[in-house]
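Quick notes on the structure that follows.
Number of protein chains: 4
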Amino acid sequence: MVHFDSDYMAGAHPEVMDALVRTNGEQTPGYGADSYTAEARELIRKATGCADAQVIFLVGGTQTNATIIDGILARHEGVLAAESGHIAVHEAGAIEASGHKVLTLPHYDGKVRAEDVERYIEEFYADATYPHMVAPGMLYISQPTEYGTIYSLRELRALSNACHRHDIPLYIDGARMSYALAAEGADFTLSDIARCADAFYIGGTKSGALFGEAVVITNNSLCRNLFPLVKQHGALLAKGRLLGIQFGALFRDGLYERIGRHAVELAIRVREGLRSEGYEIVIESPTNQQFLRLPNDLIDRLHAVATFDYWGPRGKEESIVRFVTSWETREEDVEALLAAVETK
Amino acid sequence: MVHFDSDYMAGAHPEVMDALVRTNGEQTPGYGADSYTAEARELIRKATGCADAQVIFLVGGTQTNATIIDGILARHEGVLAAESGHIAVHEAGAIEASGHKVLTLPHYDGKVRAEDVERYIEEFYADATYPHMVAPGMLYISQPTEYGTIYSLRELRALSNACHRHDIPLYIDGARMSYALAAEGADFTLSDIARCADAFYIGGTKSGALFGEAVVITNNSLCRNLFPLVKQHGALLAKGRLLGIQFGALFRDGLYERIGRHAVELAIRVREGLRSEGYEIVIESPTNQQFLRLPNDLIDRLHAVATFDYWGPRGKEESIVRFVTSWETREEDVEALLAAVETK
Amino acid sequence: MVHFDSDYMAGAHPEVMDALVRTNGEQTPGYGADSYTAEARELIRKATGCADAQVIFLVGGTQTNATIIDGILARHEGVLAAESGHIAVHEAGAIEASGHKVLTLPHYDGKVRAEDVERYIEEFYADATYPHMVAPGMLYISQPTEYGTIYSLRELRALSNACHRHDIPLYIDGARMSYALAAEGADFTLSDIARCADAFYIGGTKSGALFGEAVVITNNSLCRNLFPLVKQHGALLAKGRLLGIQFGALFRDGLYERIGRHAVELAIRVREGLRSEGYEIVIESPTNQQFLRLPNDLIDRLHAVATFDYWGPRGKEESIVRFVTSWETREEDVEALLAAVETK
Amino acid sequence: MVHFDSDYMAGAHPEVMDALVRTNGEQTPGYGADSYTAEARELIRKATGCADAQVIFLVGGTQTNATIIDGILARHEGVLAAESGHIAVHEAGAIEASGHKVLTLPHYDGKVRAEDVERYIEEFYADATYPHMVAPGMLYISQPTEYGTIYSLRELRALSNACHRHDIPLYIDGARMSYALAAEGADFTLSDIARCADAFYIGGTKSGALFGEAVVITNNSLCRNLFPLVKQHGALLAKGRLLGIQFGALFRDGLYERIGRHAVELAIRVREGLRSEGYEIVIESPTNQQFLRLPNDLIDRLHAVATFDYWGPRGKEESIVRFVTSWETREEDVEALLAAVETK
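Protein chains in written order, with this note's numbering: chain A, 1 to 344; chain V, 1 to 344; chain Y, 1 to 344; chain B, 1 to 344.
So, in structure tokens, the structure goes:
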């Protein structure tokens, strides 16, 4: 059986695991005050070209979004996001639980448009009743999006400009950032991300770590009291070095990028293999998630050799399914999948 | 240099680490829907004698307290706790951040008394203005306490009865439960804890795990929608099996108890070694934390060979310090410490 | 100058004001424990045919919605509402500030459809990831809606059935309930409202009171600890009798109904007067709010004699405006407005 | 029967009521955008000597405290208050419901000491674990206190200096400010209050208004987005002018001060009358609340002619009771009470 359900089904990449094993017996201070975390912080600063950025490591994505968004917004403000955004749909109301409304924008294959951001803000302040409404206090986007699509550098800059023209910060959820960086046609680097965003995070959980997300805050006027806020959100790991050790392993020698390239390459093979058999690509994704429309009987047949996600029916005979690759996907897994597709 | 600062300075106990390494390459469903988590859940149910209890695994202690207390309390209710309780002091307001007041009781070496609980509740409802005040909706205690002391079985039963007579649940923070179970003079088992409490957690982070706390809810009327609440609190681990694997290793063959016994035995040696040299034991702790009053020049001298926590001055010449042992403390560490004490 | 801006521009209806003046010097207990409040509670129970309902009086609408919705929902739940609903748009995030997401449904002139409610809930639970999403825990509707439209008895029953089939309560915001009851074609009574809803409120602020909303909770399993919750939300009035006195005046002799009928009759005259002059009725409202599309030069001309709300442009030459009537609108005000319309 | 239970048992002072009646029929914009509110704002600025202060009018005290404290604090901060403070005891957890911890200080007849404030803050930052604890973000005091005592100008200045030395704002709850200003031995004016505090409120509910509290924010760096925050807290009154009209009446011709003086004078007569009969004054209060220790049989006897608050037993034969005066207390009420005391 081969697995294409998600990119968080196995443990850590062997190099990450090795680093954890190697350091396991050492004794270091807790809560991120250790030298591994300090080194990882510097590696992240270097990789993003932000010598002065605040860098902090948290455990998971929902936790990171809830903590950082709460740290950025004033009490009366809400966060703009695509109506398909993770914070708008799949975080069980974590943003609202900290008191903030998610203000939704239309999405185009998971992406929001700079012009929609500007229109929202302009119409908001043009409405005389705006003090009775939730003010847009920041923009949240995900790169890549929940649909596997990516923003180009031009689009990122347009969003960044749109935000800054209206004096709100741009925050980028990079739960799968490695796959965006390695995406087909990606024309941006981590430094570009850092230049466009006021804050963002680089996801570890879905890219080779056991868990962990590296938050980078480039706008120094934001989140000035992050440590107690992280603690208050229940997001402070006692053995904080576990995060530093993992991000050290991911960023010391380019492992993070290699993981991204590996997964994307295999995902494209899955996509093109299925396309060449005549199946419809539902969303043209250049990253490690592929969405296809397949006949139900093919889906049944594939289930004998592979696991993958079911996203719902499309008519009576077909359905949408998702295939996800990761560092643990092997070439032979892809071959096994495609072989099963071709067998008629 | 030997280390007595805390019980979360190293990684995981080697047996726990081995289990993580052994399973690292496997692919399993996320969010705790894997078979390792299912097995660990059963092991915890068996160890606590609660075949029907809800068992859920979270990452850290503050997160666990905030989530479970929020899940137990009605909106208008607060939680009773010792004024020295972790939730009252060292969680950066995580309980208040979810909207609930911590109502404090006097403490006696970290412990609350059943009679104080009853008096609080009775005086509360005797006050005609009580609907304008925060109603005590549950009792929080820690076993062992923040001062290393333990409640006897008789005391636990008295607290349990006090709570149930007034129709509020008892919740026990067991961040260091292994050390309570192994404490000198401990006359209770995990089953006793489970019978007295309506909900409690068994700490992994401070007892051999990389991280992780096992929540056991024995009162089935509580926390009926725990999963979305956990997600909403940012407390849901994507690779949930990491918690199941670790608690499996801790509870399959008695490792959790062995860890407790080992650490307590060495802590008692530290305590008695210092007592026999004439130093004052500030709190008579039967667990892995020891609080002593030492001359400042001795403290300075010890710092050359050992790390430990400073708790504040006591007069001009002396201070209170804390020594903590754990699975990673070795006999020779204790000997090195005591040797340094004796050298005059 | 005549006024059609809103129904909360003057003080209280003279009969309500007289009641306040008459009782002003009396001394009574605070916080609603007085006999005026007790009487008003009974009058509301009688008017709604709910001898056992919880009745409580709050000061304003946003406060009432935030308090009652918070009292009804479990922590992990959200509230379904029309995307045009007051709680979704014009309460500055008060619902989110208490931790709950507003889950939006499409609206048809401000109304939601029972089939959309059912589809939302069914699709929610059909989605395997639903525990990661905010569960719909209740339905909020407003009667009349923010657009002046009303639900018929059949529609109310359909919504009530849809909710109860899926085991969620129905809550009705009746900020302008008097105008719904008096609406053209209204086929329901307050008792019908009470039978369909699990909780609702009868608005005073917009119907003759200085301020005040009467909350009726007919489902006794909801909001069991309302008093401390009201206090916690800052919604408890010290001189609570002011609410009892006003609702006593409104409900003792049918004043509330008379106010509704008076305002609706004049609003219809405004609407028909403008229709007969050939202007477009944008929303066919049978209540005290009327939305019209008027030429911009007519709007300018009307501003010389009347005040009213501007709702935005419609093309280059026309705009949408709103006219609202209330107890303080006089027949001659309507005549003055229509005379100004006819003068060309 | 004469009444000494509280200062919010009657309606409004006749002059306030007259102002409401006189303006009742007028039509003005809602939400405080009317000219009465504008005038009242200027009157308050003048009375406090703060030409540039933000002034906003809210409905009640708990609401005001919850809104303003939430507006002042950063998310991770708590509010220092006497353990007897209204926010710590009698607001049903409204402060915690908005996410903030109340950090308590010892009280001396309801008052906190500047040295305790300084010691709290200094010890907080001296504790190496402080980022895990709730940071003191402001100081709350009440003038007069819940026990009727007042801070002298010297004490106010000391508190103000203590706060500002540690860079936190001072907020004063003036629910009964009129009685502080008129207190025996009061050596401060409203301008002094304004100079010492960064924000405070002047209570109307307990001093002649139907309801209403005037918030004055003198430190312009605080609460920059007050209007939406007020709305979000459910604290925005639709007919906002009601607050402006009442505070206009209270501050145009010195009525607020007259009310204070009248009540304090009669309260002192009650106190001295009882003292001269040999009864114990429990707290030496110079304001409109008097706390006495009376024999239980006298209390029973007084209940035949007067209502007042029972504060609890003191031994078997005596109890503490509270007598409160207000604008509605007449000289003959005091005489009737004292006559009943003297009748043996």
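C-beta atoms are modelled at their ideal positions from N, C-alpha and C, and glycine is treated no differently.
- A direct Cα-Cα distance of roughly 21 Å separates V215 (chain V) from D167 (chain V).
- Counting only residues of its own chain and dropping the five nearest sequence neighbours on each side, G30 (chain B) has a CB closer than 7 Å to the CB of A238, K239 and G240.
- Under DSSP, K111 (chain V) takes part in a beta bridge, and its partners are V:Y108.
- A74, R75 and H76: these are the residues of the segment 72 to 83 of chain A whose beta carbon lies less than 7 Å from some beta carbon of chain B, given in chain order.
- Exposed is the label assigned to E115 (chain B), since fewer than 16 other Cβ atoms lie within 10 Å of its Cβ.
- Residues of chain V with a Cβ closer than 7 Å to the Cβ of K101 (chain B) are, in chain order, G93 and E96.
- Here N24 (chain Y) is buried: its Cβ has 16 or more other Cβ atoms, across all protein chains shown, within 10 Å.
- Sequence-distant partners of G11 (chain B) (beyond 5 residues in either direction) whose C-beta falls short of 7 Å from its own C-beta, in its chain, are M17 and L210.
- V55 (chain A) is outside the set of residues whose beta carbon lies under 8 Å from a beta carbon in chain Y.
- Using a Cβ distance threshold of 8 Å, G78 (chain V) and G93 (chain B) count as a contacting pair.
- Think of a sphere of 8 Å around the beta carbon of K231 (chain B): the chain Y residues whose beta carbon falls inside it are T62, E91, A92 and A94, in chain order.
- When C-beta atoms of the segment 146 to 165 of chain V are compared with those of the segment 174 to 187 of chain V, three or more pairs fall below 8 Å, so the two segments count as touching.
- In its chain, beyond the 5 residues on either side, E83 and D116 have a beta carbon closer than 7 Å to the beta carbon of P106 (chain V).
- Under the Cβ distance rule, P131 (chain Y) counts among the residues neighbouring chain V, one pair being separated by less than 8 Å.
- In the three-state reduction of the DSSP assignment, F57 (chain A) falls in the strand class.
- Sequence-distant Cβ neighbours of C163 (chain B) in its own chain, meaning closer than 6 Å and more than five residues away, are L139 and L170.
- With respect to the C-alpha of R271 (chain A), the residue from A:R258, A:G248 and A:T287 having the closest C-alpha is A:T287.
- In chain order, G110 and K111 place their CB closer than 6 Å to the CB of T145 (chain V), counting only its own chain and leaving out the 5 sequence neighbours on each side.
- Following the DSSP letters along the chain, one finds I172 (chain A) inside the beta strand (DSSP E) bounded by residues L170 to G174.
- Under a 10 Å Cβ-count criterion, P295 (chain V) is classified as exposed, with fewer than 16 other Cβ atoms of the shown protein chains found around its own Cβ.
- Near chain Y, meaning a CB-to-CB distance below 8 Å, the residues of the segment 12 to 36 of chain B are A12, P14, M17, L20, V21, T23, N24, G25, E26, Q27, T28, P29 and G30.
- The segment 252 to 267 of chain A makes contact with the segment 321 to 330 of chain A: 3 or more CB pairs, one atom from each, lie closer than 8 Å.
- A40 (chain Y) is a Cβ neighbour of F57 (chain Y), given a cutoff of 8 Å.
- Taking 8 Å as the CB threshold, V134 (chain B) lines the interface with chain V.
- Three or more beta-carbon pairs separated by less than 8 Å link the segment 127 to 135 of chain B to the segment 59 to 78 of chain B, which places the two stretches in contact.
- Listed along chain B are H76, P131 and A135, each with a C-beta nearer than 7 Å to that of P228 (chain A).
- Listed in chain order, the alpha helix (DSSP H) runs fully inside the segment 166 to 222 of chain B are 177 to 181 and 190 to 196, counting runs of at least 4 residues.
- For E277 (chain V) and R261 (chain V), the gap between their C-alpha atoms comes out near 24 Å.
- Contact between Q246 (chain V) and G204 (chain V) is confirmed by a C-beta separation of about 6 Å, below the 8 Å threshold.
- At a cut-off of 8 Å between beta carbons, D70 (chain Y) contacts chain V.
- In this structure, A53 (chain V) lies near T218 (chain V), with their beta-carbon atoms less than 8 Å apart.
- Judged by DSSP in its simplified three-state form, D7 (chain B) adopts coil rather than helix or strand.
- Here the C-alpha atom of N161 (chain V) lies approximately 14 Å from the C-alpha atom of I172 (chain V).
- At a cut-off of 8 Å between beta carbons, N225 (chain A) contacts chain B.
- Contact between A175 (chain A) and G234 (chain V) is ruled out by a C-beta separation of about 13 Å, above the 8 Å threshold.
- K316 (chain B) counts as exposed, since fewer than 16 other beta carbons sit within 10 angstroms of its beta carbon.
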